[in-house]
Amino acid sequence: MTDTADIPPDHLSINPMSPHFDGDLLSRGVGIRFKGERRTTVEEYCISEGWIKVQAGKARDRKGNPLLIKLSGPVEAWFEDLGDDAPVAKA
């Protein structure tokens, strides 16, 4: 049986200004699979709603933050520090 501490949260962001930011969890390394393909450029994800946010090229908003686009589809997440047999969180 897997411990709930070994499963990533439903919603997580790498932006420190976001309410969904958690530096301790991010330090463990979170792997993301979107539509069956491993993604390394994800800024934010939500498993239950089935979306990720990624940067839209080099475009910036008026505050200098990167513009993000929201992509919909099946999302899976796991902690990379647990190795190849890590439990995967998915909807």
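Position 25 of the sequence shown, counting from 1, maps to 307 under this note's numbering, and the rest follow consecutively.
Ideal placement from N, C-alpha and C gives every residue a C-beta, glycine not left out.
Q) Does the beta-carbon distance from Arg310 to Phe361 come in below 8 Å? A) The residue labelled residue 310 in the question sits at position 28 within the sequence shown. The residue labelled residue 361 in the question sits at position 79 within the sequence shown. The Cβ-Cβ distance between Arg310 and Phe361 falls below 8 Å.
Q) Under the three-state reduction of DSSP, which class applies to Glu362: helix, strand or coil? A) Position 80 of the sequence shown holds residue 362. Looking at Glu362 - three-state DSSP - the assignment turns out to be helix.
Q: Just tell me which of Leu350, Asp366 and Ile334 has its CA closest to the CA of Ala341.
A: Mapped onto the sequence shown, residue 341 falls at position 59. That would be Leu350, whose Cα lies nearest to the Cα of Ala341.
Q. Based on the DSSP output, what are the partners of Ile334 in its beta bridges?
A. For the purposes of this step, residue 334 is taken as residue 52 along the sequence shown, with counting starting at 1. The bridge partners DSSP lists for Ile334 are Tyr327 and Leu353.
Q. Alpha helix (DSSP H) containing Ser295: first to last residue?
A. Numbered from 1 along the sequence shown, position 13 holds the residue referred to as residue 295. Segment His293 to Ser295 is the beta strand (DSSP E) holding Ser295; no alpha helix (DSSP H) there.
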